[in-house]
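> Take 1 as the starting number for the sequence shown in the UniProt record's numbering and just add one per residue.
Quick one: the structure is below, questions incoming.
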Amino acid sequence: MQEEQEFITQLLNPKTQNQAFQRLLQDYQRPLYNHIRNIVLNHDDTDDILQNTFIKIFQNLKNFKGESKLFSWMYRIATNEALTFLKQKSKISGISSESLQNKTLENLEADVFFDGNDIQIKLQKAIALLPEKQQLIFKMKYFEELKYEAISEILGTSVGGLKASYHIAVKKIEAFVSAN
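In structure tokens, the structure reads:
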């Protein structure tokens with residue numbers, strides 16, 4: 001925790017800010033990209049959201065209170081940016097969130113940055129049927145291999161609630177994969 005506090009001090013100090021932010025980008029660009037990509041499923045959208053996420057992180061660092069880990073705070077920003085983007089995209093398109101997600105899944109197979117196979121497409125379709133919060137929990141636990149405690153900090157949900165949601169999501173996905 002002491003090391004993180006020193007890093008935050010470097011990020012806030014105008015003399016060390018640029019170098020510290022470069023380190024932040026180097027350390028977190030790939031994990032945040034993967035996290036956002038798991039939510040929006042589209043490479044180009046992910047790049048835009050990632051850029052907005054780092055802008056928000058930079059602009060709001062002075063407001064970071066240290067009540068959670070820097071990692072959790074940044075993931076919360078990335079999650080909120082991705083969800084807001086999806087809501088705006090569905091509103092602009094004039095279609096429901098579910099329809100937008102189905103359309104994105106259809107385009108996933110043509111995405112040159114998606115290297116999955118038929119089983120992974122089927123898994124994504126099963127995940128798309130879950131409620132939004134279960135989707136987030138499943139993706140963070142299954143794909144990103146985050147611990148329940150980290151997910152709890154990011155989503156502001158109890159560990160017990162997360163475990164129950166994850167278990168229910170797994171059962172629903174297993175049922176979908178078995179039936180299809």
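Where a beta carbon is used, it is the ideal one built from N, C-alpha and C, also for glycine.
Please report the straight-line C-alpha distance between Thr-157 and Glu-149, rounded to a whole angstrom.
9 Å
> Take the Cβ of Arg-30 as the centre, count every other Cβ of all protein chains shown within 10 Å, and call the residue buried at 16 or more, exposed below.
By the 10 Å Cβ count, Arg-30 comes out exposed.
> How far does the alpha helix (DSSP H) with Ser-158 in it reach, from first residue to last?
That residue, Ser-158, is in no alpha helix (DSSP H); it is neither H nor E in DSSP.
> Rank Lys-15, Gln-22, Lys-69 and Leu-24 by C-alpha distance to the C-alpha of Gln-2 and give the top, closest one.
Of the listed residues, the one whose Cα sits closest to Gln-2 is Lys-69.
> Which of the three DSSP states, helix, strand or coil, is assigned to Pro-31?
If DSSP states are grouped into helix, strand and coil, Pro-31 belongs with the helices.
> Identify the continuous alpha helix (DSSP H) that holds Phe-58 and give its terminal residues.
43-60
> Can you give me the start and stop residues for the alpha helix (DSSP H) that Glu-145 sits inside?
It is not in any alpha helix (DSSP H) - Glu-145 carries neither H nor E in the DSSP assignment.
> Return the CA-CA distance between Lys-172 and Ile-121, expressed in angstroms with no decimal places.
16 Å
> DSSP on Leu-70, reduced to helix/strand/coil?
helix
> According to DSSP, is Leu-130 part of a helix, a strand, or is it coil?
coil
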